[in-house]
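Student: Counting from 102, one number per residue, gives the positions in the sequence shown under the numbering used here. Input: one structure, supplied below.
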Amino acid sequence: MLVFITSLYTRLSSFTADELSALFPMLPPSPTINRFKITLCQKYITYAAINPEISRPKPQARAQPRTTAAVWRYKEDEHPSSISQSDLDHAASITSKYASPTTAEILRLLEMGPDGSRDLAAFLRVKFELLVAFGKLQNQTTVDDQDSEWRKMLRDGKFTKVLTTAFDGELGLIYRETLLEIMTEL
């Protein structure tokens, strides 16, 4: 799974906030896809954060592939309008083998900030998608499988404090308000 997520991260890390806003809603809200989104967001946040011990991978020189008809068709449609069922099935088979992160891990990720070279809007969008996917996944699982710390955080008001810290400033305001609305509906 790590290789698959790493290859997706390489592509995802160059997306703008608008491109991320278009990508994530195209994925169906199933528990498996929510696990996949969480894993992908974890990777993005970890590598984009200010953390000298975890630096971005150095670019590797690669031979340029020969252009084929399939490549030309792909280039014509840089942003597909939908994702194929086989791609979703592949992602599902990979993510179902791994446990979901805990609320403590999600909170740790939310405390991270982007390094200076990252697009803050894209970074905040990924944090937003991480919380939405985690919240939906918690809502989709049985009571026995839910993270009790997550429910406690939603009940005792800690969630609002977390949002204020994770989505600080004017740029984060829309994410804070939207997340509060989404989580009250779950």
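Note that beta-carbon positions come from the ideal geometry of N, C-alpha and C, so glycine has one too.
Work out the CA separation of alanine 234 and tyrosine 148 for me, nearest whole Å.
Tutor: Answer to the nearest angstrom: the Cα atoms are 19 Å apart.
Student: For alanine 205, report the span of its alpha helix (DSSP H) as first-last.
Tutor: That run of the alpha helix (DSSP H) goes 204-212.
Student: CB alanine 118 to CB arginine 277, shorter than 7 Å?
Tutor: no
Student: What's the call for leucine 238, buried or exposed, on a 16-neighbour Cβ count within 10 Å?
Tutor: buried
Student: Might you give, ordered along the chain, the residues of its own chain that have their beta carbon closer than 7 Å to the beta carbon of phenylalanine 224, omitting 5 neighbours on each side?
Tutor: Ala149, Pro215
Student: Please confirm whether threonine 285 and aspartate 248 have their CB atoms less than 7 Å apart.
Tutor: no
Student: Can you give me the C-alpha to C-alpha distance between leucine 287 and threonine 279, rounded to a whole angstrom?
Tutor: 13 Å
Student: Taking all protein chains shown into account, do 16 or more other C-beta atoms lie within 10 angstroms of the C-beta of arginine 100, making it buried, or fewer, making it exposed?
Tutor: Residue 100 is absent from the model: the chain starts at 102 and stops at 287.
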